[in-house]
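For the protein sequence lines, the chains are A and B, in the order given.
Remember, the working numbering sits 6 above the position in the first sequence when you count from 1.
Remember, the working numbering sits 33 above the position in the second sequence when you count from 1.
Every residue, glycine too, gets a C-beta built ideally from N, C-alpha and C.
Notes follow the structure.
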Amino acid sequence: MRSIFTFLGIAGVLLLFISLGMMIRSTGDASSFNRLHEVILIINVAGVAVLLLLVIGNMIRLGREYRQHLPGARLKARMVGMFVVLAVVPVAVVYYFSLQFIQRGIDSYFDVQIETGLDDALRLSRSALDLRMNDYLTQTQDMVDSLAGRDEQALVSILGSLLRDSGASELTVVGQNSRIVATSSVGASIALPSLPGDDVQLQLRQGYSFVGLDPVGGGGFVVRTAVTIPRFTTTDEPRMLQGLYPVTGRLSGLAESVQQAYTRYGEAAYLRKPLKYSLTLTLTLVLLVSLLAAVWGAFLWSRRLVAPIQSLVAGTRAVAEGDFHTRLPTPTRDEIGFLVNSFNDMTRRLADAHETANRSQHAVESERANLATVLAGLSSGVVALEPDFTVRIANRAAGAILQADLQSRVGAPLTMTGLNAQLLDQFAAVVQQRIEEDEPNWRDEVVLRTDTGRHVLNTACTALLGDNDIPAGYVVVFDDVTELLQAQRDAAWGEVARRLAHEIKNPLTPIQLSAERMRRRYLDTMNDTDAKVLDRATHTIVQQVEAMKAMVDAFSEYARAPALDITRIDLNRIVSEVTELYRTGEIGMELSVSLDRSVASVEADAGRMRQMLHNLLRNAREALPVDGKVVVSTTRRHEGSVELVEIVVEDDGPGFSISTEQIFEPYVTNKTKGTGLGLAIVKKLVEEHGGRITAENSELGGALVRVILPADEDGRSLLAHGRTMPVVSGGGIA
Amino acid sequence: MSERSGTSGHLIGFMLAGLVVLSGFSAPPSYAAKNGDFAIQAAYADEVDGVFYLNATIDYQLNDFALEALARGVALTFELKIDLRRVQRWRPDKNIAELLQLNELRYHALSDRYLVRNINSGEQQSFQTLRAALLELGDIHDLPVIDRALLNPKRSYIMRLKSILDIRSFPGPLRVLAVFFGDWRLTSDWYRWRLQL
Numbered sequence: 007m008r009s010i011f012t013f014l015g016i017a018g019v020l021l022l023f024i025s026l027g028m029m030i031r032s033t034g035d036a037s038s039f040n041r042l043h044e045v046i047l048i049i050n051v052a053g054v055a056v057l058l059l060l061v062i063g064n065m066i067r068l069g070r071e072y073r074q075h076l077p078g079a080r081l082k083a084r085m086v087g088m089f090v091v092l093a094v095v096p097v098a099v100v101y102y103f104s105l106q107f108i109q110r111g112i113d114s115y116f117d118v119q120i121e122t123g124l125d126d127a128l129r130l131s132r133s134a135l136d137l138r139m140n141d142y143l144t145q146t147q148d149m150v151d152s153l154a155g156r157d158e159q160a161l162v163s164i165l166g167s168l169l170r171d172s173g174a175s176e177l178t179v180v181g182q183n184s185r186i187v188a189t190s191s192v193g194a195s196i197a198l199p200s201l202p203g204d205d206v207q208l209q210l211r212q213g214y215s216f217v218g219l220d221p222v223g224g225g226g227f228v229v230r231t232a233v234t235i236p237r238f239t240t241t242d243e244p245r246m247l248q249g250l251y252p253v254t255g256r257l258s259g260l261a262e263s264v265q266q267a268y269t270r271y272g273e274a275a276y277l278r279k280p281l282k283y284s285l286t287l288t289l290t291l292v293l294l295v296s297l298l299a300a301v302w303g304a305f306l307w308s309r310r311l312v313a314p315i316q317s318l319v320a321g322t323r324a325v326a327e328g329d330f331h332t333r334l335p336t337p338t339r340d341e342i343g344f345l346v347n348s349f350n351d352m353t354r355r356l357a358d359a360h361e362t363a364n365r366s367q368h369a370v371e372s373e374r375a376n377l378a379t380v381l382a383g384l385s386s387g388v389v390a391l392e393p394d395f396t397v398r399i400a401n402r403a404a405g406a407i408l409q410a411d412l413q414s415r416v417g418a419p420l421t422m423t424g425l426n427a428q429l430l431d432q433f434a435a436v437v438q439q440r441i442e443e444d445e446p447n448w449r450d451e452v453v454l455r456t457d458t459g460r461h462v463l464n465t466a467c468t469a470l471l472g473d474n475d476i477p478a479g480y481v482v483v484f485d486d487v488t489e490l491l492q493a494q495r496d497a498a499w500g501e502v503a504r505r506l507a508h509e510i511k512n513p514l515t516p517i518q519l520s521a522e523r524m525r526r527r528y529l530d531t532m533n534d535t536d537a538k539v540l541d542r543a544t545h546t547i548v549q550q551v552e553a554m555k556a557m558v559d560a561f562s563e564y565a566r567a568p569a570l571d572i573t574r575i576d577l578n579r580i581v582s583e584v585t586e587l588y589r590t591g592e593i594g595m596e597l598s599v600s601l602d603r604s605v606a607s608v609e610a611d612a613g614r615m616r617q618m619l620h621n622l623l624r625n626a627r628e629a630l631p632v633d634g635k636v637v638v639s640t641t642r643r644h645e646g647s648v649e650l651v652e653i654v655v656e657d658d659g660p661g662f663s664i665s666t667e668q669i670f671e672p673y674v675t676n677k678t679k680g681t682g683l684g685l686a687i688v689k690k691l692v693e694e695h696g697g698r699i700t701a702e703n704s705e706l707g708g709a710l711v712r713v714i715l716p717a718d719e720d721g722r723s724l725l726a727h728g729r730t731m732p733v734v735s736g737g738g739i740a
Numbered sequence: 034m035s036e037r038s039g040t041s042g043h044l045i046g047f048m049l050a051g052l053v054v055l056s057g058f059s060a061p062p063s064y065a066a067k068n069g070d071f072a073i074q075a076a077y078a079d080e081v082d083g084v085f086y087l088n089a090t091i092d093y094q095l096n097d098f099a100l101e102a103l104a105r106g107v108a109l110t111f112e113l114k115i116d117l118r119r120v121q122r123w124r125p126d127k128n129i130a131e132l133l134q135l136n137e138l139r140y141h142a143l144s145d146r147y148l149v150r151n152i153n154s155g156e157q158q159s160f161q162t163l164r165a166a167l168l169e170l171g172d173i174h175d176l177p178v179i180d181r182a183l184l185n186p187k188r189s190y191i192m193r194l195k196s197i198l199d200i201r202s203f204p205g206p207l208r209v210l211a212v213f214f215g216d217w218r219l220t221s222d223w224y225r226w227r228l229q230l
C-alpha cells in the first residue's frame with residue numbers, strides 16, 4: 007500500500023513538472039495552451055499546496071517521532087536536514103541568479119535609442135503620409151466647386167470625370183442624414199460606399215475639412231478626405247464630398263512596416279514587466295515544486311533507508327527480551343541488506359540454541375522429577391550435599407529417619423543448631439568428619455544416641471565427580487537398620503528358645519524322675535550320713551531341674567508369638583485388677599495407682615496387657631527392697647491426630663545400673679533374681695501392639711518404665727507406618 | 034513608450050504577493066464579476082419575419098490596466114456571450130442555444146485611430162477616438178439569434194447576455210498576471226430577460 011502511494015506521489019510530481027513545462031511554454035506563446043492556461047496554473051498551485059501539506063505532515067510526524075525518541079528518528083532527521091540543505095542551497099543560488107538574469111536579461115533587450123528611433127520612424131511616416139494626405143485634400147477641395155448646385159444625374163457624370171482625373175478610388179457625394187447622393191468608384195463594386203463617421207460629419211459641420219488615414223483590413227492604407235460642397239442658397243441641401251485615395255507603392259509598404267514594428271516593439275516593451283513577473287512566478291513555482299518534491303523525496307528516501315535500521319533496532323530489542331523468532335524482511339542487496347541477513351541468521355541460530363537448551367532443560371527437569379519421584383519412594387534416606395555441606399536434595403525418608411524437616415532446608419547447611427534435632431546433628435557431624443578426613447567415599451554403620459535409645463544407620467557416602475577431581479558434592483544414602491537388627495536379634499533369641507525347648511527341656515524330665523527314683527530307692531537303705539547326702543543331692547537336682555524348666559518355659563514363652571486378640575477393653579480395670587494381686591504378696595510393698603478416667607476404652611489384647619503388667623510389676627517387686635514403693639499410673643495423650651495411652655510404672659528401687667538401651671535385650675538384667683527376659687517380653691508385647699517402651703531412672707531414685715500404646719486400630723496403623731512421630735515430652739521418641 | 038526599470042526587490046515583493054494570491058486562489062468566480070466595469074444597459078430581442086434579433090446597449094468602461102495595454106499596442110478581445118435557456122419547473126434550466134460574438138479592439142499608432150474588428154465576420158472599422166470605438170462595440174444592432182420555429186410557444190425561455198474581456202487572448206506574460214489579478218477580469222453581470230413569444 008505504501009509503495010502504491012509512493013508511486014502515485016512520484017507520478018504526481020512528474021505530472022506537475024509536465025504541467026510546469028506547459029505553463030512555461032504558454033508563458034512565452036499562448037497559442038498551444040491558452041485555453042488550458044488557467045487549468046495548468048491551478049494544477050501547479052494545487053500541486054505545490056499538496057506537496058507543502060505532505061512535507062508539513064512529514065515534518066510533524068518526524069517531530070513527534072523525535073520527541074518520543076523512537077529508534078531511527080534522529081538519523082532520519084539528520085538525513086532529511088542534510089538532504090534539504092544540499093537541495094536548498096544550490097537551488098536557492100540558481101533561483102537568485104535566474105531572477106537576476108530575468109531582470110537584467112530582459113531589460114537588456116530594450117533600448118531607449120531603439121524606442122526613439124521607432125518614434126522617429128513613425129513620425130517620419132506620418133509626415134510623409136501627411137504630405138500625400140494634404141495633396142489629396144487639396145484635390146478634393148478643388149473638386150467641390152464643380153459640384154455645387156448640380157443635380158444627381160449631373161453629379162454622377164462629373165464624379166466619374168473627376169475620378170479619372172484625380173486618381174481616387176472612390177468619390178461620393180453625401181447629403182443630409184448620410185444619404186448617398188451620388189458615387190463613383192474604380193471597378194464594378196456592388197458594395198455600398200463606406201460613409202464617413204459621425205466625428206467626420208461633426209468636423210465638417212463646424213466648417214473644417216477632414217482628411218485622415220484609414221488602415222484597410224487586408225493591409226495597406228486609404229486616405230479619406232471630406233469637404234463641404236458650397237451651397238448657392240440656404241434652401242439647398244447641405245452636401246459633402248468624400249474621397250478615398252489608396253496609398254499605393256513604396257510609401258504604403260514602408261508605412262505598414264513601420265506601423266508593425268512600432269506596434270510589436272511597443273507591445274513587447276509594455277509586456278516586459280508582466281513578462282518578468284510571469285517568469286518570476288513560473289520560476290518560483292518551479293522552485294517550490296522542485297524544493298518541496300526534493301524535501302518530500304528526502305523524507306521518503308530517509309524513511310526507506312531508516313526503515314531497516316528501525317526494524318533492526320526493534321528486532322534487537324525483541325531478541326533482548328527473549329524473542330528469538332524475530333525475522334526481519336530483507337530490504338535490499340546492499341550493506342544494510344547484508345546486515346539484516348546476518349541478524350536473521352543470528353536470530354535463527356539463537357532460536358535453535360535456545361530450543362536445544364530448552365529441550366535439555368526439560369530433559370533435566372524430567373530426570374530430576376523422576377529422580378525426585380524415585381527418591382520420594384525410597385525408604386532409604388538420600389541427602390545430596392554441596393561441597394560446603396549445604397543441602398542440595400533431601401528426600402522425605404531422610405527427614406523421617408533423622409527426625410527433621412530436611413526438605414525445607416534445601417540450600418541451608420546440613421548442620422542445624424538449635425533445632426532440637428539430635429539425630430541430624432550427630433549424623434551431620436559424623437558425615438562431615440568422615441569427609442573432612444579425606445574419605446569422600448565410605449560405607450559404615452553409624453550409631454546415633456538419643457534420650458530414647460540408640461539408632462543404627464547403615465550409611466554410604468559417595469563423592470560426585472567434578473572438575474579437576476575436586477568433588478562437586480556428596481550423596482549420602484542411609485537407612486535405619488535399628489529395627490532390622492532388633493528383629494535379627496529377636497529371631498536369634500527365638501531360635502535359642504526353640505533349641506532350649508527342644509534340646510534341654512526334653513532331658514530334664516528323665517533327669518528329675520531319675521533323681522527322684524534314686525532318692526526313693528536308696529534313701530531308706532542308706533545310713534543317715536549317706537541318706538542326708540543323697541537327700542540333699544537329689545533335692546538339689548530336682549530343684550535345679552525345676553529352675554531349668556522354668557527358664558526353658560520362659561524362653562519358650564518369649565519365642566512363642568500367638569496371634570493378637572484385639573478387643574475393646576477397659577485398661578484402667580485391668581490395671582486395677584493386676585495391681586490388686588500385688589498388694590498382698592510375700593514381700594510387702596507400697597503400691598499406689600493413679601488412673602486417668604479418660605483412659606477407659608482401649609483396643610488391645612487383654613491377656614497380653616495383663617501379662618505385660620504382671621511382668622512390669624514382677625520386675626519391680628523383684629528389684630525392690632522390703633517396703634519398697636511402686637507407683638502405677640495411666641494417662642491419655644495425643645500426638646498429632648493419634649490418640650495414645652501411657653502407662654508408667656515407677657519404683658524407688660536401685661534403678662537401672664546398666665544402660666537403658668540394653669535393658670530390653672533378652673537375658674540382660676541387673677537383678678540377682680529373674681531370667682532376664684521380663685522386660686524383653688514386655689517390649690515385645692508393646693511392639694506387637696504398635697507401641698513403644700522406654701526405660702529411665704526415675705526421680706524417686708528407682709526405675710521408670712514408660713509404655714505408650716495407641717488407643718485404637720487407626721492409631722496403631724499410623725504408628726506402625728509413620729515413623730515421623732515427633733519427639734514427645736519426657737524424652738521419648740517416635 | 035518610456036519604461037520603468039524594476040528592481041529585484043520589487044520582483045521578490047511581487048512574488049510574495051503572488052504567493053499570497055496563490056494561497057487564496059480558490060475564491061469563488063463571482064469575486065471577479067463584482068469588479069466588472071462592463072454594464073449591459075439594455076437588451077431585448079425583436080421578432081422580425083420569424084427570426085429573433087438581439088438589440089443591446091453595453092457600456093464598456095476600461096480600467097487603467099486595459100487602457101495602458103491598449104495604448105501599448107495590445108489587442109483587446111471582447112467576448113459577448115448570448116445563450117437561450119428553456120425554463121424547467123423542477124430542474125435547472127436547459128441551455129438550448131449559445132452564440133459567441135468576438136470583437137477585437139486595437140490602437141493603430143500610425144493613423145492614430147482605433148480599429149474594431151469583428152472576428153466572426155472579419156469586418157473592420159476605424160474610429161478617431163476610443164470612446165467612439167467603445168460605443169460602436171457596445172451597440173448591438175439586429176443580431177440574429179434564433180428562429181422562432183425552433184422554439185415551443187407553450188414553453189417559456191430566458192435569454193441571457195454577458196460581456197467579458199477575454200484574457201485568454203492576451204499575450205502569454207500578461208495572461209499569467211490576468212489569471213491571478215482580478216483587475217484584469219473585466220466582465221459584466223449576466224443580463225437576462227424572458228423571451229416574449
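Identity of the residues DSSP links to residue i by a beta bridge
i	result
Asp657(A)	Val636(A)
Ile572(A)	Asp611(A)
Ile699(A)	Val713(A)
Beta carbon proximity, residue i to chain A, threshold 8 Å
i	result
Val149(B)	no
Gln157(B)	yes
His174(B)	no
Ala165(B)	yes
Minimum Cβ-Cβ distance from residue i to chain B less than 8 Å
i	result
Arg132(A)	yes
Ser104(A)	no
Val264(A)	yes
Ala36(A)	Legend: pLDDT at Ala36(A) = 44, less than 50; position of this residue unreliable, no value from coordinates given.
Start and end residues, alpha helix (DSSP H) containing residue i
i	result
Glu501(A)	488 to 505
Tyr283(A)	278 to 326
Phe107(A)	79 to 114
Arg211(A)	204 to 211
Glu583(A)	577 to 587
Arg129(A)	118 to 153
Ser348(A)	341 to 383
Neighbour-count burial assignment, residue i, 16 or more Cβ in a 10 Å radius
i	result
Ala400(A)	buried
Tyr214(A)	exposed
Ala410(A)	buried
Ser63(B)	Any reading at Ser63(B) must be qualified, since the residue scores a pLDDT of 32, below 50, and its modelled position is unreliable; no value is offered.
Ala378(A)	exposed
Thr332(A)	buried
Leu167(B)	buried
Asp534(A)	exposed
Phe107(A)	exposed
Tyr72(A)	exposed
Under 7 Å by beta carbon: chain B residues contacting residue i
i	result
Leu281(A)	Pro206
Boundaries (first-last residue) of the beta strand (DSSP E) holding residue i
i	result
Tyr147(B)	146 to 151
Leu167(B)	It is not in any beta strand (DSSP E) - Leu167(B) instead sits in the alpha helix (DSSP H) that spans 163 to 171.
Under 8 Å from the C-beta of residue i: neighbouring residues of chain B
i	result
Tyr251(A)	Correct list: empty, because the minimum Cβ distance to chain B is about 14 Å.
Closer than 9 Å at the beta carbon, the chain B residues around residue i
i	result
Ser284(A)	Gly205, Pro206, Leu207, Arg208, Val209, Leu210
Residues that residue i contacts on chain A, provided the C-beta gap is smaller than 7 Å
i	result
Val84(B)	Per Cβ cutoff of 7 Å: no residues; Val84(B) is ~23 Å from chain A at best.
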